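Report on one structure; see the data block that follows.
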Amino acid sequence: MKSQQIRQTFLEYFKKKQHEIVPSAPMVIKNDPTLMFTNAGMNQFKEYFLGNSTPKNSRIADSQKCLRVSGKHNDLEEVGVDTYHHTMFEMLGNWSFGDYFKKEAIQWAWELLTDVFEIDKNSLYVTIFEGDSSEDLERDQEAYDIWKELIAEERILNGNKKDNFWEMGAQGPCGPCSEIHVDIRSAEEKQKVDGASLVNADHPQVVEIWNLVFMQFNRMADGTLKNLPAQHVDTGMGFERLAMVLQGKQSNYDTDVFTPIIREIETITGHSYGNTKEEDIAIRVIADHVRAVSFSIADGQLPSNNGAGYVIRMILRRAIRYGFTYLNKKEPFIHQLVNTLAKQMGDAFPELKSQKNLIHNVIKEEEISFLRTLENGLALLDAMVESMKKENTKTLDGKKAFELNDTYGFPKELTRLILSEQGLGMDEEGFAAALKKQQEDSRKASATETSDWTVLNADDSQEFIGYDRLSADVRIAKYRKTSSKKEGELYQIVFNMTPFYGESGGQTGDKGYLESPSGDTVYIIDTKKENGQTVHLTKNLPKELGGTHRVSVDKSQRMRTAANHTATHLLHQALRKILGEHVEQKGSMVRSASLRFDFSHFSKVTPEELAEVENFVNARIREQLPLEENRSQTYEEAIQDGAIGLFGEKYGDVVRTIKFGESYELCGGTHVKNTAEVWHFKITHETSVASGIRRIEAITSDAVKDFFSEQSQHFEEIKAVLKNPAKNPAESIQHLLEENASLKKEIEELKREKASQLKNTLIDQAKNINGIHFIGTSTDLDAKSVKELAFQLEQELANLFLIIGAENDGKATLTVMISKNLVEEKGLNAGQLVRSLGKHIQGGGGGQAHFATAGGKNPAGIPAALKEAEDLIIQQA
Ligand code: SER
6 MKSQQIRQTF LEYFKKKQHE IVPSAPMVIK NDPTLMFTNA GMNQFKEYFL
56 GNSTPKNSRI ADSQKCLRVS GKHNDLEEVG VDTYHHTMFE MLGNWSFGDY
106 FKKEAIQWAW ELLTDVFEID KNSLYVTIFE GDSSEDLERD QEAYDIWKEL
156 IAEERILNGN KKDNFWEMGA QGPCGPCSEI HVDIRSAEEK QKVDGASLVN
206 ADHPQVVEIW NLVFMQFNRM ADGTLKNLPA QHVDTGMGFE RLAMVLQGKQ
256 SNYDTDVFTP IIREIETITG HSYGNTKEED IAIRVIADHV RAVSFSIADG
306 QLPSNNGAGY VIRMILRRAI RYGFTYLNKK EPFIHQLVNT LAKQMGDAFP
356 ELKSQKNLIH NVIKEEEISF LRTLENGLAL LDAMVESMKK ENTKTLDGKK
406 AFELNDTYGF PKELTRLILS EQGLGMDEEG FAAALKKQQE DSRKASATET
456 SDWTVLNADD SQEFIGYDRL SADVRIAKYR KTSSKKEGEL YQIVFNMTPF
506 YGESGGQTGD KGYLESPSGD TVYIIDTKKE NGQTVHLTKN LPKELGGTHR
556 VSVDKSQRMR TAANHTATHL LHQALRKILG EHVEQKGSMV RSASLRFDFS
606 HFSKVTPEEL AEVENFVNAR IREQLPLEEN RSQTYEEAIQ DGAIGLFGEK
656 YGDVVRTIKF GESYELCGGT HVKNTAEVWH FKITHETSVA SGIRRIEAIT
706 SDAVKDFFSE QSQHFEEIKA VLKNPAKNPA ESIQHLLEEN ASLKKEIEEL
756 KREKASQLKN TLIDQAKNIN GIHFIGTSTD LDAKSVKELA FQLEQELANL
806 FLIIGAENDG KATLTVMISK NLVEEKGLNA GQLVRSLGKH IQGGGGGQAH
856 FATAGGKNPA GIPAALKEAE DLIIQQA
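Numbering (my numbering), first residue to last: 6 to 882.
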């Protein structure tokens with residue numbers, strides 16, 4: 006069965022069981038501070054488990070793109086080394102939200118695997134949770150009893166909390182789970198070793214394929230477990246592993262999910278898979294990582310220096326490093342795999358096709374820059390090895406190895422490998438200690454402690470009313486305290502409803518204030534969105550928590566933000582019109598002060614194009630287009646109707662659309678009622694963010710007014726300085742620049758003349774000390790002229806010993822020139838000499854034996870230096 010068909014069969018099976026099939030959520034998570042990437046199929050449903058909102062359908066199934074490279078679920082180091090872990094993988098899952106529970110979940114999983122996919126029952130094992138007394142959790146007898154009806158009892162194994170109690174992260178929904186493992190070893194091997202003993206023992210051919218989680222609890226910040234409002238099912242099956250089993254392979258990498266890419270790697274690198282262990286690992290690492298990186302770029306997450314972008318950069322660098330070391334690829338090549346990947350997976354994930362060029366360019370650019378880093382690191386490491394050899398040390402200091410890694414991005418494994426090739430080692434403990442220290446320092450700097458919610462009104466729906474109103478009388482639903490080094494102590498408050506817009510979709514959160522029933526005022530310094538809730542941040546709590554509070558949004562800030570958001574839509578429209586339909590939004594930041602818009606475009610936007618874009622947006626503002634808002638379209642209807650949605654953004658079933666004339670987008674942000682309120686649009690910067698991605702920064706409304714007032718003030722100042730207000734200042738400045746250039750030229754000529762006069766004087770005054778022409782003099786010529794003078798004198802006077810002391814801007818330089826024959830015959834050395842003469846001018850220097858210079862801060866010492874040089878010549882000549 007081809008992998009496409011396996012995916013399809015899974016989805017159809019659950020469709021028949023009344024499950025709604027939904028698309029995969031983006032792999033990069035935007036509105037959950039506890040999670041960077043989707044690490045399980047259930048992430049996008051977290052709010053349903055917690056009871057924060059209710060799904061339209063209580064049965065759902067999908068294939069979810071997951072990435073397990075950070076936090077609680079991190080498989081990165083295993084990937085490539087073994088044959089069944091991945092950074093990015095597809096998780097096939099079915100869910101029940103307060104609907105069916107253990108019985109159906111287990112029976113259906115069994116039926117699908119053994120009847121539909123026809124996996125031999127005798128190669129399967131299942132595990133159930135054995136209980137945990139420290140948490141007061143009982144053995145999952147219910148699951149055991151259900152399994153007993155389906156599979157021989159000796160194939161039902163007990164599992165501990167680590168394996169059979171599934172938790173999403175440090176906090177959040179969790180519960181006991183029952184896993185299905187498959188033994189794909191040969192009959193002979195099965196005879197020798199009992200498969201049951203290999204379950205959960207990291208055996209590459211006895212692997213878990215499906216995990217059925219029975220969500221019952223919420224892990225609180227204080228570590229305790231609380232019952233969830235309802236019981237749910239969350240299952241996750243490893244798609245690539247299932248393909249391995251169904252295609253009769255021994256490794257995920259031998260299935261049709263990976264073979265096309267592996268063939269391409271073989272062709273490009275000339276290394277074949279199945280050759281040596283190292284080459285195989287490298288090929289697997291690259292085949293795996295190119296998927297993770299490509300999918301995340303398609304989701305809008307580019308490699309960068311922080312957060313999720315940094316993790317992506319590290320994954321790509323791991324692949325480059327394996328190629329560099331084990332496949333001897335010193336040139337960028339991973340980007341060449343994108344084409345094959347898009348061809349192979351583009352039908353199931355069309356974003357790979359539509360974003361192919363961008364993914365290709367971004368990866369290539371990253372490869373070029375990291376290969377440069379590797380070259381620089383190699384040079385640094387070479388120098389370290391040299392000095393180790395000189396000092397006769399066998400182990401590279403751990404701190405130095407760490408610095409190489411941390412400051413220069415040079416990978417530790419490569420350091421270790423290169424050292425071992427030279428018979429040297431690395432101080433692993435020292436490295437680990439330096440790493441630990443750095444991690445602790447950064448954890449301390451960024452750690453946030455969050456207490457559990459104190460719930461005042463459990464049933465509050467937390468409705469957002471801020472599209473229509475800027476103030477409201479509300480009730481506190483719940484609150485909690487957070488503390489971090491960066492932000493200090495803050496409170497997070499959730500109301501039963503709110504006019505405050507929580508930061509999302511690139512628009513910053515509202516600010517404002519709360520008036521409590523007892524009359525005190527609390528400032529709301531920011532508003533965020535977390536797992537479907539609007540969270541208000543304050544520095545303190547109102548004196549009285551119960552009762553009705555009046556909350557009000559800062560109106561002027563909201564108005565300026567709305568103007569910038571509307572302008573962002575018009576800018577998007579303008580770019581697609583003027584630069585072309587290939588322009589896709591790649592990020593945006595809408596604040597009250599300014600807006601920033603990132604988009605795909607292959608070249609710099611020219612000043613003419615920028616002017617056109619500005620004019621286009623301003624024309625829409627002049628047209629006074631009214632806001633046409635629709636809050637109740639389905640996603641499909643809106644897209645059909647021509648609205649633009651963003652890839653990598655998670656939309657609900659019902660979406661909101663915003664239309665101003667022909668600008669038509671899916672958007673949850675706040676907007677002006679009429680484009681006239683934007684007043685004017687002005688682009689302030691156009692730059693590049695990454696290969697193929699440009700950024701435009703712009704301002705609107707009051708900020709434009711401030712911008713132009715400031716500009717006009719500068720203009721007045723310039724006119725005042727020029728003291729000739731009648732004339733065009735640009736012409737006057739041009740005139741001044743020309744005058745300046747011609748004066749510079751004149752000065753140069755005068756200097757040259759002066760130097761040539763000086764040259765003649767010096768030749769006349771040269772002393773003959775036993776056949777050596779000695780010249781010692783001081784001057785105020787600049788360094789360049791002194792050097793020219795020295796070389797001219799060398800041409801004209803044989804057997805020359807020349808020393809010139811120059812004073813410029815309070816600093817001293819000494820220049821020594823010695824004819825080459827004297828260097829050889831008399832053993833004179835200009836380099837050594839200036840170093841020792843440098844003490845007179847309180848400085849130092851060096852150079853070659855026949856020409857050298859020194860610089861210092863004491864011009865008063867020049868005569869003494871000249872004297873010492875002359876004495877030396879008298880002695881040595
Ligand atoms: N959440 C569980 C897992 O990730 C099952 O989907 O394994």
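Where is the CB? At the ideal position from N, CA and C, for every residue including glycine. Just so it is clear, the structure is predicted and the values come from calculations on it, not from any experiment.
Indicate the three-state DSSP secondary structure (helix, strand or coil) for residue i in the structure shown.
i           : result
residue 691 : strand
residue 412 : coil
residue 671 : strand
residue 449 : helix
residue 514 : coil
residue 198 : coil
residue 86  : coil
residue 229 : coil
residue 484 : strand
residue 847 : coil
residue 41  : coil
residue 186 : strand
residue 47  : helix
residue 337 : coil
residue 3   : Nothing in the structure corresponds to residue 3, since the chain is present only between 6 and 882.
residue 711 : helix
residue 772 : strand
residue 53  : helix
residue 297 : helix
Quick check on this structure: which residue in the options has the alpha carbon closest to the alpha carbon of residue i?
i           : options            : result
residue 820 : 867, 827, 614      : 867
residue 530 : 521, 544, 520, 524 : 544
residue 883 : 795, 564, 639, 726 : There is simply no residue 883 to check, as the chain begins at 6 and stops at 882 in what is shown.
residue 456 : 448, 285, 494      : 494
residue 127 : 140, 196, 69       : 196
residue 370 : 157, 869, 696, 350 : 696
residue 86  : 688, 645, 713, 283 : 283
residue 135 : 97, 181, 847, 157  : 181
residue 645 : 660, 348, 318      : 660
residue 436 : 450, 540, 412, 407 : 407
residue 30  : 382, 50, 489       : 50
residue 596 : 315, 657, 704, 548 : 704
Using 10 angstroms around the beta-carbon of residue i, count the other beta-carbons present and answer buried if the total reaches 16, otherwise exposed.
i           : result
residue 121 : exposed
residue 327 : buried
residue 528 : exposed
residue 670 : buried
residue 843 : buried
residue 616 : exposed
residue 170 : buried
residue 911 : The requested residue 911 is not part of the displayed model; the chain covers only 6 to 882.
Run through the DSSP bridge pairs and tell me what residue i is partnered with.
i           : result
residue 430 : 400
residue 178 : 223
residue 679 : 631
residue 171 : 180
residue 239 : 100, 218
residue 821 : 808, 857
residue 78  : 75
residue 130 : 186
residue 604 : 590, 699
At a threshold of 7 Å, does residue i count as lining the ligand HEM (C-beta to nearest heavy atom)?
i           : result
residue 110 : In terms of ligand content, the structure shown lacks the ligand HEM and carries the ligand SER instead.
I'd like to know whether the C-beta of residue i is nearer than 8 Å to at least one C-beta of chain C.
i           : result
residue 400 : The structure shown has no chain C; it contains just one protein chain.
Item to check | the segment 305 to 325 touching the segment 115 to 134, judged by at least three CB pairs closer than 8 Å | outcome: Because the criterion of three Cβ pairs below 8 Å is not met, the segment 305 to 325 and the segment 115 to 134 do not touch.
Checklist entry - Is the segment 501 to 515 in contact with the segment 457 to 474, if contact means three or more CB pairs nearer than 8 Å? => result When C-beta atoms of the segment 501 to 515 are compared with those of the segment 457 to 474, three or more pairs fall below 8 Å, so the two segments count as touching.
Checklist entry - So, do the segment 44 to 62 and the segment 221 to 235 have three or more beta carbon pairs nearer to each other than 8 Å? => result Cβ pair count under 8 Å is three or more, so yes.
Item to check | Cβ pair count under 8 Å reaching 3, the segment 820 to 836 against the segment 851 to 858 | outcome: Output reads yes: the segment 851 to 858 touches the segment 820 to 836.
Item to check | Contact the segment 384 to 401 vs the segment 417 to 428: 3+ CB pairs below 8 Å | outcome: The segment 384 to 401, when compared against the segment 417 to 428, does touch it at the 8 Å Cβ threshold.
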